[in-house]
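The sequence shown: position 381 = 381 (UniProt numbering), numbered continuously.
Where is the CB? At the ideal position from N, CA and C, for every residue including glycine.
Model, not experiment: these values are computed from the prediction.
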Amino acid sequence: MFIDHEYIESLLKEAKNATTEDIAEVLNKAKDRRGLSHKDIAVLLQIEDKTQEEKMFKIAGAIKESIYGNRVVVFAPLYISDYCVNNCTYCGYRRDNKFSRRKLTKIEIEEEVKLLEKMGHKRLALEVGEDPVNCDIDYVLEAIDTIYNTQNEKGNIRRINVNIAATTVENYRRLKEAKIGTYILFQETYHKPTYDKVHPKSMKGDYEYHLTAFDRAMEAGIEDVGGGVLFGLSDYKFEVLALMLHNEHLEENYGVGFHTISVPRLKKAEGMNLTDFPNLVDDNSFKKIVTILRIAVPFTGIILSTRESAQMRRELIKYGVSQVSAGSNTGVGGYKEHEKGNSVDQFDVADHRSPLEVLKELIDDKHLPSYCTACYRSGRTGDRFMRLAKSGQIQNVCAPNAMMTLMEFVMDYGDEELYKKAEALIKEEADKIKREDIKKLLLNNIERIKMGERDLYV
Ligand code: SF4
Ligand code: SF4
1 MFIDHEYIES LLKEAKNATT EDIAEVLNKA KDRRGLSHKD IAVLLQIEDK
51 TQEEKMFKIA GAIKESIYGN RVVVFAPLYI SDYCVNNCTY CGYRRDNKFS
101 RRKLTKIEIE EEVKLLEKMG HKRLALEVGE DPVNCDIDYV LEAIDTIYNT
151 QNEKGNIRRI NVNIAATTVE NYRRLKEAKI GTYILFQETY HKPTYDKVHP
201 KSMKGDYEYH LTAFDRAMEA GIEDVGGGVL FGLSDYKFEV LALMLHNEHL
251 EENYGVGFHT ISVPRLKKAE GMNLTDFPNL VDDNSFKKIV TILRIAVPFT
301 GIILSTRESA QMRRELIKYG VSQVSAGSNT GVGGYKEHEK GNSVDQFDVA
351 DHRSPLEVLK ELIDDKHLPS YCTACYRSGR TGDRFMRLAK SGQIQNVCAP
401 NAMMTLMEFV MDYGDEELYK KAEALIKEEA DKIKREDIKK LLLNNIERIK
451 MGERDLYV
């Protein structure tokens, strides 16, 4: 088993004895982008001193800036079925919660997608509970097909990341054929005793089957996989080191690690009390988690959801988050219900702002919002993507693509205020582009988009 609990615990124990000099040495290593060992990451996790913490936040911010610039990718989740045979103690969809469950019909999916498109979304994360009878793989595949084929007057969904329960190689092959983006699966917790406790008597209760899901996905040819932990279930320090071990296992065996890591934090849901969970993560520790992940795996996207408040999201974007959801509803049929003024969420959402509002704030904070899906559609996935990312060449495509998708948004879904903000930002950003040919192409494409062309990318 590649998550060696004793090893992780011994690393954390030993790191508690790190001296100020040891910590300074690891921080310098991080600053100079020298590869960090497990021991080094454990040392970062044990930092308590405020000055050292600040130094670490700054280093993560600088790493983020140098790799991602000021771009932030925006997406939305789409829940299509809340049937679930599992009984995860932290989730509103658990089988013990008695409510009227449902899954969306093809027509209802189209309606949801149109509402998402109306908000300007191009990237979705498809979410379902686990139920082999009511929500089998055929239903999921049909839903993917429906989403890709739902064209609204102004656009369509260009990338669907899929979050379904651990499954077989054969089912992953079918997902791959359906042209999914990233396959996302949260381990929830890597700590086996905790895993067993929070997943009582259920399909999801098989720790090892869940843990090896990405091995089967990669065997099936899916190259981009996204891991995650539900922070608050177990000791976050253990979880961060376990995430690193999982990432290395994938790199060693399949040549590429996590494409993304999600950092959901446990929130109140129907039928559970937060007081039953002794490992809840406070805001400062949460900042440290994001920071350390950014330092440890600089090229892996970090995803933050609307579980977090606008203020928290704003801050975490500085230290490492590279993708945020916006305008989210986390219930089945949630976008239509929201239009009607109802809410049916899987968990408590803290940031209720629309994408338009989120975009304005991102730009005010000097961030460049992006709806780019170019890599996946040009076949830049898996290790081809990572090579491009690590070479730094990706900068030549990401920033121009972000600006083009921003201008598309402005033209199709924006208002006068956003137009002005985006124009000023694009001018500033275009001036930073060193390659004259790319700058010229970008400015030309921005004009083409204003004249009505769509889906331009490099
Ligand atoms: Fe079902 Fe997923 Fe909720 Fe567990 S976390 S009860 S598997 S929907
Ligand atoms: Fe992501 Fe590729 Fe677009 Fe850059 S160019 S934002 S890496 S999809």
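Reduced DSSP secondary structure (H/G/I, E/B, other) of residue i
i, result
"ILE164", "coil"
"residue 462", "Outside the shown range of the chain, which is 1 to 458, sits residue 462, and nothing can be said about it."
"GLU417", "helix"
"residue 460", "Summary: the structure shown does not reach residue 460, with the chain confined to residues 1 through 458, and so no result is reported for it."
"THR300", "coil"
"TYR183", "strand"
"LYS287", "helix"
"GLU153", "coil"
"VAL349", "coil"
"CYS375", "helix"
"SER37", "coil"
"ARG173", "helix"
"ARG71", "strand"
"ALA178", "coil"
"residue 460", "A question about residue 460 goes unanswered here, because the residues of the chain that appear run from 1 up to 458."
"ILE8", "helix"
"ARG95", "coil"
"ASP455", "coil"
"MET119", "coil"
Residue environment, residue i, which counts as buried when at least 16 other CB atoms sit within 10 Å
i, result
"ALA42", "buried"
"residue 507", "Here the chain comprises residues numbered 1 to 458, so residue 507 is not present and cannot be evaluated."
"THR306", "buried"
"ARG158", "buried"
"PRO278", "exposed"
"MET1", "exposed"
"residue 468", "Coverage of the chain is limited to positions 1 through 458, which leaves residue 468 absent and any answer about it impossible."
"ASP235", "buried"
"SER325", "buried"
"GLU127", "buried"
"ALA227", "In the sequence as presented, Ala is not what sits at residue 227; that position holds Gly. Counting Cβ neighbours within 10 Å, GLY227 comes out buried, since at least 16 surround it."
"ARG265", "buried"
"GLY221", "exposed"
"LEU274", "exposed"
"THR19", "exposed"
"SER328", "buried"
Which residues DSSP lists as bridging residue i, in chain order
i, result
"PHE231", "ARG265"
"GLU127", "TYR79 and ASN163"
"LYS336", "DSSP, once it has assigned bridges, lists no residue as partnering LYS336."
"residue 484", "One cannot answer for residue 484 here, as it falls past the ends of the chain, which runs 1 to 458."
"CYS135", "ASP131"
"LYS103", "SER81"
Residue i - containing alpha helix (DSSP H), residue span
i, result
"residue 467", "Any question about residue 467 goes unanswered here, given that the chain covers just 1 to 458."
"VAL358", "355–364"
"LEU245", "236–254"
"LEU27", "20–31"
"ALA217", "213–219"
Span of the beta strand (DSSP E), counted from its first residue to its last, around residue i
i, result
"PRO369", "368–370"
"VAL324", "323–325"
Any non-hydrogen atom of ligand 4 closer than 7 Å to residue i Cβ
i, result
"ALA165", "Ligands present in the displayed structure are limited to ligand 1 and ligand 2, and ligand 4 is not among them."
Check: What alpha helix (DSSP H) runs, 4 residues minimum, are completely inside the segment 384–448?
Finding: Those alpha helix (DSSP H) runs which fall completely within the segment 384–448 and span 4+ residues are 395–413 and 416–432.
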